[in-house]
Amino acid sequence: MSEKTCAACDYKLDESAIKIKIGGKTVEVCCQECAQKLRDAYAAMHPADASSAP
Numbered sequence: 001m002s003e004k005t006c007a008a009c010d011y012k013l014d015e016s017a018i019k020i021k022i023g024g025k026t027v028e029v030c031c032q033e034c035a036q037k038l039r040d041a042y043a044a045m046h047p048a049d050a051s052s053a054p
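Under full-length UniProt numbering, the first residue of the sequence shown is numbered 1, with each subsequent residue one higher.
Pasting the structure below:
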């Protein structure tokens, strides 16, 4: 079985992984810092979508 890794930094995920929704897809990250990095990167690439995000 393959191990899950963080969508932002490829760190091995454990039971404390955080699920976030980015661009309509749910991804798992290792920490709040990586979650924010992905949100910021998505917002930079999709400014119209980011303005309507919660």
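Positions of the beta carbon are idealized from the N, C-alpha and C atoms, including for glycine.
If you draw a 10 Å sphere on the C-beta of A8, you find 16 or more other C-beta atoms in it, and that means buried. Of the other Cβ atoms in all chains shown, fewer than 16 fall within 10 Å of the Cβ of A44; this residue is therefore exposed. The beta carbons of L13 and T5 sit closer together than 9 Å. According to the DSSP assignment, K4 belongs to no alpha helix (DSSP H), since it is labelled neither H nor E.
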